[in-house]
Amino acid sequence: MAANGRGAAYDWSDVTRNGALATGGVELEDVAFSPSRGGGARTYALGSQTEDHDSEAGLQAQANSSRDHYVMSTKNQAAAAMANRNHVRESKLGTMKGVFLPCFQNILGVIVFIRLPYITGQAGIWMTMLILFLSKLTTVLTTLSMSAIATNGTVQAGGPYFIISRNLGVELGGAIGTLFYLGTTIAASLYVLGAVEVISAAFTDEAGYVMQLLSVGLMLCITLIVGVGVRYVNMGAALLLWLVFFSLGSITLGLILFASGVYTGHLTSADRVPFENFKPRYLTDPGAATGIMAGCNRSAVLHNPGRSIPKGTLWAIAATALLYLFFMWFFGCSVAYGTLIDDKLVAMHVAWPTPYLVAVGIVAASLGAAMQCVTGASSLLAAIADDGALPVLSAFASPAAAAQSGGGGGGARAPARAVVATGLIAALPCLAGNLDYITAPITMAFLLMYASVNLSCYVLCVLQSPGFRPQWRYYAWWTALGGVAMCVALMLMISWEAAVVLITAAFALLFYIKYQNATRDWGDTLTGFRYQVARDVLLSLSEKQTMHAKNWRPQVLVLCAIDEGGNPLVPELLSLAGQMKKGRGLLMAVALIKGDHLQDAVRAEEAQGVLALHLKDEKMEGFCKVSVCHDPVDAAITIMHHAGMGTMQPNSVLLAWPDDWSKNSESGVAFVATLRGAVHAHKAVMVLKGAQALPTQYEVLEPSCTVDIWWVAHDGGLLLLVPYLLSLHPTWSRCQLRLFSVIVDPADNPRRVEHDVREYLEQVRINAVVASVDMSDVERNREAYEAEMAGRKQQQARRAPSAQDRYSSSSGGGGDLLDIGAAVNSAAAYTARGGLGELEELEGDRVPQLQHAGSSASGGGGGSRLHQRSGSVGHAATAAAAAAVAAAAAANGGGAHGGAAPKSPIRGAPNLGVEDAGEEGDAEAVRLRRRMTAVLLNRHMRERSSGARLVVTNLPLVRDMAAYDVLQLWEAISEGLKPVLMIRGTGQEVITQFG
Numbered sequence: 000m001a002a003n004g005r006g007a008a009y010d011w012s013d014v015t016r017n018g019a020l021a022t023g024g025v026e027l028e029d030v031a032f033s034p035s036r037g038g039g040a041r042t043y044a045l046g047s048q049t050e051d052h053d054s055e056a057g058l059q060a061q062a063n064s065s066r067d068h069y070v071m072s073t074k075n076q077a078a079a080a081m082a083n084r085n086h087v088r089e090s091k092l093g094t095m096k097g098v099f100l101p102c103f104q105n106i107l108g109v110i111v112f113i114r115l116p117y118i119t120g121q122a123g124i125w126m127t128m129l130i131l132f133l134s135k136l137t138t139v140l141t142t143l144s145m146s147a148i149a150t151n152g153t154v155q156a157g158g159p160y161f162i163i164s165r166n167l168g169v170e171l172g173g174a175i176g177t178l179f180y181l182g183t184t185i186a187a188s189l190y191v192l193g194a195v196e197v198i199s200a201a202f203t204d205e206a207g208y209v210m211q212l213l214s215v216g217l218m219l220c221i222t223l224i225v226g227v228g229v230r231y232v233n234m235g236a237a238l239l240l241w242l243v244f245f246s247l248g249s250i251t252l253g254l255i256l257f258a259s260g261v262y263t264g265h266l267t268s269a270d271r272v273p274f275e276n277f278k279p280r281y282l283t284d285p286g287a288a289t290g291i292m293a294g295c296n297r298s299a300v301l302h303n304p305g306r307s308i309p310k311g312t313l314w315a316i317a318a319t320a321l322l323y324l325f326f327m328w329f330f331g332c333s334v335a336y337g338t339l340i341d342d343k344l345v346a347m348h349v350a351w352p353t354p355y356l357v358a359v360g361i362v363a364a365s366l367g368a369a370m371q372c373v374t375g376a377s378s379l380l381a382a383i384a385d386d387g388a389l390p391v392l393s394a395f396a397s398p399a400a401a402a403q404s405g406g407g408g409g410g411a412r413a414p415a416r417a418v419v420a421t422g423l424i425a426a427l428p429c430l431a432g433n434l435d436y437i438t439a440p441i442t443m444a445f446l447l448m449y450a451s452v453n454l455s456c457y458v459l460c461v462l463q464s465p466g467f468r469p470q471w472r473y474y475a476w477w478t479a480l481g482g483v484a485m486c487v488a489l490m491l492m493i494s495w496e497a498a499v500v501l502i503t504a505a506f507a508l509l510f511y512i513k514y515q516n517a518t519r520d521w522g523d524t525l526t527g528f529r530y531q532v533a534r535d536v537l538l539s540l541s542e543k544q545t546m547h548a549k550n551w552r553p554q555v556l557v558l559c560a561i562d563e564g565g566n567p568l569v570p571e572l573l574s575l576a577g578q579m580k581k582g583r584g585l586l587m588a589v590a591l592i593k594g595d596h597l598q599d600a601v602r603a604e605e606a607q608g609v610l611a612l613h614l615k616d617e618k619m620e621g622f623c624k625v626s627v628c629h630d631p632v633d634a635a636i637t638i639m640h641h642a643g644m645g646t647m648q649p650n651s652v653l654l655a656w657p658d659d660w661s662k663n664s665e666s667g668v669a670f671v672a673t674l675r676g677a678v679h680a681h682k683a684v685m686v687l688k689g690a691q692a693l694p695t696q697y698e699v700l701e702p703s704c705t706v707d708i709w710w711v712a713h714d715g716g717l718l719l720l721v722p723y724l725l726s727l728h729p730t731w732s733r734c735q736l737r738l739f740s741v742i743v744d745p746a747d748n749p750r751r752v753e754h755d756v757r758e759y760l761e762q763v764r765i766n767a768v769v770a771s772v773d774m775s776d777v778e779r780n781r782e783a784y785e786a787e788m789a790g791r792k793q794q795q796a797r798r799a800p801s802a803q804d805r806y807s808s809s810s811g812g813g814g815d816l817l818d819i820g821a822a823v824n825s826a827a828a829y830t831a832r833g834g835l836g837e838l839e840e841l842e843g844d845r846v847p848q849l850q851h852a853g854s855s856a857s858g859g860g861g862g863s864r865l866h867q868r869s870g871s872v873g874h875a876a877t878a879a880a881a882a883a884v885a886a887a888a889a890a891n892g893g894g895a896h897g898g899a900a901p902k903s904p905i906r907g908a909p910n911l912g913v914e915d916a917g918e919e920g921d922a923e924a925v926r927l928r929r930r931m932t933a934v935l936l937n938r939h940m941r942e943r944s945s946g947a948r949l950v951v952t953n954l955p956l957v958r959d960m961a962a963y964d965v966l967q968l969w970e971a972i973s974e975g976l977k978p979v980l981m982i983r984g985t986g987q988e989v990i991t992q993f994g
């Protein structure tokens with residue numbers, strides 16, 4: 000029944016030849032066939048013929064043309080639904096036929112006939128009682144756990160597999176379910192071989208291939224019965240069970256008469272030794288801990304699985320336990336232990352009036368148990384195939400009609416392919432004739448399934464999820480945990496080698512299913528467990544405001560622009576963030592759409608789906624979000640402050656350089672405002688310029704390629720950490736890191752500086768080639784600057800003159816930094832007053848002036864000469880600035896907690912040659928000197944790094960500069976270089992020399 004615009008739509012099978020609905024005896028009113036308009040298609044109401052369709056042929060033609068569009072009148076829906084519900088209820092199985100009898104038959108098997116006397120002779124009565132107690136305790140605890148889960152919602156086809164896969168995940172459910180299927184299937188082979196062995200001993204002397212053919216023949220007959228339908232399986236199982244009861248009565252009478260000396264059967268008086276078998280000779284396993292899943296395997300054909308599974312399974316366990324105790328005492332107190340051990344068919348030989356009645360009972364018990372195994376195994380195989388957990392099993396999935404009906408019905412048949420496959424797998428071991436070597440793995444498969452069911456219940460109890468509300472109340476976390484412990488203990492006691500083999504196979508299947516990406520959102524407890532762990536960890540981490548340098552990792556917030564379809568305009572940003580994933584930090588990609596929150600909500604949701612696909616393509620392990628906002632700058636700054644939780648907030652922001660800043664004033668102003676907002680939010684900033692030249696994740700660069708680091712100022716070590724993380728990615732792993740240190744003080748020895756930097760890099764365990772760049776020669780700097788500016792003067796003539804005007808009107812910018820004449824006139828006075836002290840200006844309000852640097856704080860310092868130097872911040876770019884920031888952090892109480900480093904006393908520094916006056920001329924001179932510094936630094940960078948695949952340098956952000964001036968300054972530093980990654984740290988140490 001499918002929903003329709005007007006009523007409940009029915010399939011053609013629900014409509015009889017004369018147009019009446021098959022309602023299981025419920026009478027419906029006559030409704031005329033009438034065309035109805037709805038949903039763009041022509042539909043008809045269901046009822047009797049009208050005058051237009053009074054002939055049977057006309058009605059048939061009308062029905063054939065619209066067989067998919069019949070709808071039932073609203074008035075008759077309730078009656079039809081009730082009739083259908085009654086029909087389904089009548090075809091389902093109850094507790095007795097659906098659970099108790101299958102479990103009883105499966106647990107009983109041939110153990111009471113063949114295995115129980117043998118165990119009693121070996122272990123003695125007391126030890127056999129202990130073994131029986133442990134086995135039944137395991138099954139009872141497992142049943143309690145299974146009942147709790149079974150009454151917490153509807154248990155569908157697959158029984159125990161359904162329970163595990165929906166609670167522990169499809170991977171674990173598929174792995175253990177597959178092993179349980181194999182164990183159940185081969186158990187059917189064991190039962191058939193037991194029946195054939197009894198037939199051979201009691202009725203014929205044939206052996207060899209005749210018995211093998213008989214085994215295969217019996218298995219094929221069982222497969223045919225199972226293939227016909229569950230109803231016939233129940234009929235055959237009930238008949239066989241009555242034969243079992245008759246044989247048990249025969250054994251009971253025979254034991255009573257044998258113990259009293261009246262009857263000996265096929266035994267002798269020497270075999271009668273009363274009360275001798277209380278002490279054990281040695282210990283074996285009873286194998287009585289299997290069979291309790293037979294009812295759960297039929298969950299799809301049960302009328303009320305939540306009620307039938309607990310009651311039927313527990314009653315079956317209790318009934319079989321009483322039978323075991325009864326016959327264990329009778330055999331132990333009347334038959335000699337030697338006879339119990341040597342005579343495998345002692346139960347048949349002691350029976351009264353004839354042993355053939357017991358032989359028939361053993362065969363009936365074996366075939367009945369085998370039939371239950373094949374029935375449950377084929378349903379289990381179909382359930383695993385339906386879920387798609389193992390793609391190789393897709394051929395055994397149920398038909399669509401059976402899946403919709405739940406596979407139920409008294410006459411419902413298991414999927415034919417699953418039944419045939421199960422029968423063939425079970426028939427193959429029958430050719431071996433002896434399966435003693437694989438009985439232990441079969442028992443392991445059952446115990447592993449029981450342990451998983453108990454584990455599912457335990458996790459549900461511990462998590463205390465609001466969705467876990469079982470009707471079954473007789474369970475607790477300690478019963479579930481005890482069930483897990485008992486199952487594992489029995490596995491190790493029976494055969495630890497087989498246990499290891501089976502657990503290894505389970506892990507192999509688990510990883511295979513995970514590799515096949517068969518993840519399903521079924522609300523499993525592992526997801527809830529991960530949520531609980533994540534919650535607890537977040538709460539514990541929230542107690543710490545900062546992360547120690549040893550634990551610090553980049554948690555990057557990628558602000559990416561997207562087009563109308565949600566595709567990133569600069570996809571290289573995501574690629575760069577993905578290439579830093581070895582930092583094991585949190586990655587978040589955020590895109591902002593300017594618009595209305597209500598009208599553009601759907602558009603944002605669709606764009607987020609597209610952006611998520613791009614993250615998947617870049618193999619980014621992170622999150623993405625697309626939001627609608629009125630002001631993108633304010634929204635971006637708000638996201639920086641509020642994204643994440645506790646210490647799991649982004650500590651770094653990654654943006655793309657606005658290539659159109661000189662033509663689009665709004666773009667440039669918004670970009671600078673966003674960066675300043677990130678700085679005030681205490682976030683590190685990374686700007687990617689020339690992104691088109693960045694290699695993709697699928698490229699592997701040659702060893703001749705380099706990543707060049709131009710260390711202008713130390714602001715926490717992020718400038719060194721990012722290239723190191725990139726070098727861990729396959730794309731950059733073969734590249735060479737090169738670090739260039741700039742010298743601006745004539746008193747500094749370049750070789751000494753290089754030595755100090757190498758020593759520092761060795762302490763922080765970063766491999767790089769170190770080179771010094773001497774910018775302390777005044778005359779050479781002046782000549783280089785004049786030559787550089789003369790060359791750029793020609794380029795300026797070709798530029799649009801209105802670019803800076805637009806920024807001046809929108810952001811209050813000052814004069815043109817490209818005033819070549821003023822710059823050159825200032826160059827002589829500037830260089831004559833002390834050189835390139837303006838390298839300090841590039842980090843104006845951030846880097847502290849060095850007076851004396853001691854050891855670093857928080858594990859960041861050491862005995863390196865690098866931490867004992869003093870001088871200008873220009874030289875701090877290479878060595879001593881690291882110690883300066885660390886010393887400032889130490890003075891602050893052990894480390895910066897974010898934001899900028901202490902403000903540098905730049906204004907009025909003696910090497911600037913400018914008094915700190917607020918007059919316009921002095922401000923213009925400072926601005927021009929900053930420009931000169933940027934131009935000369937760029938000249939050296941182009942000379943040495945023009946062929947580098949990535950240039951990494953500091954990002955200067957002077958607080959008192961207008962947006963246009965700042966953008967021109969950055970453009971001057973990075974001109975002619977692609978790609979360039981400009982980084983501005985927070986001042987917090989992110990690398991340390993201590994492990």
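Here numbering that gives the first Met the number 0 is used: the first residue of the sequence shown is 0, the next is one more, and so on. We put the beta carbon where it would ideally sit given N, CA and C, even for glycine. Just so it is clear, the structure is predicted and the values come from calculations on it, not from any experiment.
For residue 291, name the three-state secondary structure that DSSP assigns.
-> coil
Reference residue 357; option with closest CA among 252, 371, 539, 336 | 252
Three-state class that DSSP yields for residue 655 in the structure shown = strand
Nearest residue (CA-CA) to residue 103, options 387, 240, 249, 602 = 240
Selected residue, minimal CA-CA separation from residue 340, among 221, 414, 123 = 123
Between which two residues does the beta strand (DSSP E) harbouring residue 773 extend?
-> 768 to 773
Are the CB atoms of residue 188 and residue 427 nearer to each other than 9 Å?
-> yes
Quick one, are the C-beta atoms of residue 593 and residue 627 less than 9 Å apart?
-> yes
Are the CB atoms of residue 738 and residue 707 nearer to each other than 9 Å?
-> yes
Can you tell me whether residue 551 is buried or exposed, with buried defined as 16 or more other CB within 10 angstroms of its CB?
-> buried
Within this structure, are the beta carbons of residue 555 and residue 651 separated by less than 9 Å?
-> yes
Have a look at 705, 367, 741, 717 and flag the residue whose alpha-carbon is nearest the alpha-carbon of residue 946.
-> 705
Report yes if the C-beta distance between residue 655 and residue 684 is below 9 Å; otherwise report no.
-> no
Do you know how far the Cα of residue 460 is from the Cα of residue 513?
-> 26 Å
Return the chain-ordered ranges of every beta strand (DSSP E) run that is complete within the segment 933 to 972 and spans a minimum of 3 residues.
-> 949 to 953
Are there three or more Cβ pairs, one per stretch, closer than 8 Å when the segment 363 to 380 is compared with the segment 181 to 199?
-> yes
Three-state secondary structure (DSSP) at residue 464?
-> coil
Identify, in the order they occur along the chain, each residue of the same chain with its Cβ nearer than 6 Å to the Cβ of residue 644, setting aside the five sequence neighbours on each side.
-> 537
Near residue 560, which residues of its chain fall below 6 Å by C-beta distance, leaving aside the five closest residues on each side in sequence?
-> 568
Quick one: complete alpha helix (DSSP H) runs, 4+ long, within the segment 665 to 747?
-> 717 to 726
Output the distance between the C-alpha atoms of residue 558 and residue 670, rounded to the nearest integer angstrom.
-> 11 Å
Supposed contact pair residue 316 and residue 119 - C-beta distance, whole angstroms, cut 8 Å | The Cβ separation is near 20 Å, so there is no contact.
Ordered along the chain, which non-local residues of its own chain (more than five positions away) have a Cβ less than 7 Å from that of residue 572?
-> 557, 559, 653, 655, 687, 690
Among residues of its own chain, excluding the 5 on either side of residue 919, which ones have a beta-carbon nearer than 8 Å to its beta-carbon?
-> Its pLDDT being 48, under 50, residue 919 is placed unreliably in this model, and the value from its coordinates should be taken loosely. So the list is empty, once near-sequence residues are dropped.
Can you tell me where the alpha helix (DSSP H) with residue 210 in it begins and where it stops?
-> 208 to 227
Could you tell me the distance, in whole angstroms, from the CA atom of residue 618 to the CA atom of residue 659?
-> 29 Å
Assign residue 618 to one of three DSSP states: helix, strand, or coil.
-> coil
Expressed to the nearest angstrom, what Euclidean distance is found between the alpha-carbon atoms of residue 750 and residue 576?
-> 36 Å
Taking 9 Å as the cut-off, decide whether the C-beta atoms of residue 956 and residue 678 are in contact.
-> yes
Run of the beta strand (DSSP E) containing residue 356, from where it starts to where it stops = Here residue 356 belongs to no beta strand (DSSP E); instead the alpha helix (DSSP H) covers 354 to 386.
CB-CB under 7 Å to residue 382, same chain, minus the five flanking residues each way: which ones, in chain order?
-> 156, 157, 160, 161
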